[in-house]
Amino acid sequence: DAPAGERLQKFLAEQGVGSRRDMEARIAAGQVSVNGETAILGLRVRPGDVVRIGGRGYKVPAVGRLPRVLIYHKPEGEISTHEDAKGRPTVFERLPRIRGGKWVAIGRLDVNSCGLMILTSSGDLANRLMHPRFEVEREYAVRTLGELDSLRAGQLLAGVELDDGPAKFDSLLDAGGEGSNHWYRVVIREGRKREVRRLFEAVGLMVSRLMRVRFGPVELPNHLKRGALHELSDEEVAKLLHWADLPIEGIVKATVKRPGATRKPRAVLTHLPKAPVTKPAGASQSATTARTARGATTERPRAPRKVRSR
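4 is the number of the first residue of the sequence shown in the numbering used here; add one for each residue after it.
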């Protein structure tokens, strides 16, 4: 028979405290207690147990619950960390509270960028979407000052050298523009700091607007206004966990209405074949189905056409 209870490090990761590996290290260092006693590696927790770490307590629920997942339309001017030394507004100020846990941001956006942010109570889900080895797609609508020629477009697709290593776009689509402003739709499989902006800067173009419109299978809903959030339904969360190859057995669906949710958007989860653990050699995924959120900007990119190098 399988051992009773849930591994302590897994429980803590699901509360958004950190990754399982981080939790194992903190357990080994004697920084975690269960029911008032210092925990050891290999310990399993059961419903009713109280786990304490870093001055916070987490009670093991009587039954498993699906993790919570929020979609937030981040406006420019907000930062993606819990606190800011300069006192700037953060995305977390708008979120509902989680009892005995915290929200984890899946892929930050810098203060001058906007668009899709995913936040979850599950550290495992956050790790599965963000860790570089999984190469999960991020799609952006990008407005630049000036237009790419075929040579520079080819460089961005083939790869350029940044100060922290080589980088490239998996897909680069021309979305048109007027005057000095030009729109592109790009797909990238990693999330280094300001990477999209730095790629364009490397070929001589400045980014004047950057909006994330898709992260993995999750798309920014058309109706979701800037500063608004939507909580995924249990059905959508279960589909996302399946896509991410994370277990859902033994978890029951919540039956109460969760606070802070808007009406259900259409086409939130758009890319739902099961995610590969690693990208197969030579594989490429379509990057043309996500759409910029309506009302997010007065300048709407035109229908994209692929930029080809000669």
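Ideal Cβ positions, reconstructed from N, Cα and C, are used throughout, including at glycine.
* Asked: So who's on the other strand from Leu-232, going by DSSP bridges?
  -> Tyr-75.
* Tell me where the beta strand (DSSP E) around Ser-153 begins and ends. => Careful: Ser-153 lies outside any beta strand (DSSP E), inside the alpha helix (DSSP H) at 153-161.
* For the candidate residues Arg-155, Arg-195, Pro-92, whose alpha-carbon lies nearest to that of His-349? -> Lying outside 4 to 313, the shown extent of the chain, residue 349 is not represented and no answer is given.
* Name, in chain order, the residues that DSSP records as bridge partners for Lys-62. => Here Lys-62 is bridged, per DSSP, to Val-53.
* Taking just the CA atoms, how far does Arg-197 sit from Leu-112? -> Each residue's Cα considered, the two are about 8 Å apart.
* Leaving out five residues before and five after Ile-30 in sequence, what residues of the same chain have Cβ atoms less than 8 Å from its Cβ? -> Answer for Ile-30: Leu-11, Gln-12, Ala-42, Ile-43, Leu-44, Leu-46, listed in chain order.
* Would you call the segment 148-166 and the segment 201-211 in contact, with 3 or more CB pairs under 8 Å? -> Short answer: they touch.
* Under the DSSP definition of a beta bridge, which residues are partnered with Ile-82? -> Looking at the DSSP assignment, Ile-82 forms a beta bridge with Thr-93.
* Between the C-alpha atoms of Tyr-1 and Tyr-61, what's the straight-line distance to the nearest angstrom? -> A query on residue 1 cannot be resolved here, the shown segment of the chain reaching from 4 to 313 and no further.
* Please confirm if Lys-13 has its CB atom under 8 Å from at least one CB of chain C. => No chain C appears in this structure, which consists of one protein chain only.
* In the structure shown, what three-state DSSP assignment does Leu-223 receive? -> If DSSP states are grouped into helix, strand and coil, Leu-223 belongs with coil.
* Which same chain residues, not among the five before or five after Val-114, have their C-beta less than 6 Å away from its C-beta? -> Around Val-114: Ile-82.
* Taking buried to mean at least 16 other C-beta atoms within 10 Å of its own C-beta, is Gly-21 buried or exposed? -> So Gly-21 ends up on the buried side.
* Asked: Just the Cα atoms here: how many angstroms apart are Ala-108 and Ala-16?
  -> Straight-line spacing of the CA atoms in Ala-108 and Ala-16 works out to 14 Å.
* Asked: Between Arg-200 and the rest of its own chain, which residues show a CB-CB distance below 6 Å, the 5 nearest in sequence each way excluded?
  -> Once the five neighbours on either side are set aside, the close Cβ partners of Arg-200 are Val-210.
* What first and last residue would you give for the alpha helix (DSSP H) that runs through Leu-243? -> Unbroken alpha helix (DSSP H) run through Leu-243: 237-246.
* Minimum C-alpha distance to Val-190 - residue among Met-26, Leu-98, Glu-204, Asp-173 -> Taking Val-190 as reference, the option from Met-26, Leu-98, Glu-204, Asp-173 with the minimal CA-CA separation is Asp-173.
* Within its chain, find whatever has a CB closer than 6 Å to the CB of Val-72; leave out the 5 residues flanking it on each side and keep chain order. => Hits under 6 Å: Thr-123, Leu-235, Val-240.
* Kindly give me the distance between the Cβ atoms of Leu-128 and Pro-50, rounded to whole angstroms, as I take these residues to be in contact under 8 Å. => About 22 Å separates the beta carbon of Leu-128 from that of Pro-50, a gap too long to meet the 8 Å contact definition.
* **Sequence-distant residues of its chain with Cβ nearer than 8 Å to Gly-126 (five each side left out)** => Closer than 8 Å at Cβ, skipping near neighbours: Leu-15, Ala-16, Glu-17, Gln-18, Gly-19, Val-20, Gly-21, Ser-22, Arg-23, Val-107.
* Asked: Which same chain residues, not among the five before or five after Pro-64, have their C-beta less than 8 Å away from its C-beta?
  -> Spatial neighbours of Pro-64 in its own chain (CB-CB distance under 8 Å, excluding positions within 5 residues in sequence) are listed in chain order as Pro-50.
* Tell me whether His-76 is buried or exposed, calling it buried when 16 or more other Cβ atoms sit within 10 Å of its Cβ. => By the neighbour-count criterion, in which a residue is buried when 16 or more other Cβ atoms sit within 10 angstroms of its Cβ, His-76 is buried.
* Measure the beta-carbon distance from Glu-9 to Val-54 and round it to whole angstroms, keeping in mind my assumption that it falls under 8 Å. => Going by Cβ atoms, the distance from Glu-9 to Val-54 rounds to 11 Å, so no, they are not a contact pair.
* **Simplified DSSP assignment, three categories, for Glu-204** => Helix, per DSSP.
* Where does Arg-114 fall in DSSP's three states? -> Looking at the sequence shown, residue 114 is not Arg but Val. Note: Val-114 maps to coil in three-state DSSP.
* Decide if Arg-266 is buried, meaning its Cβ has at least 16 other Cβ atoms within 10 Å, or exposed. => Reliability of the predicted coordinates at Arg-266 is poor, the pLDDT of 39 falling under 50, and the value obtained from them is presented with this limitation in mind. Result: exposed.
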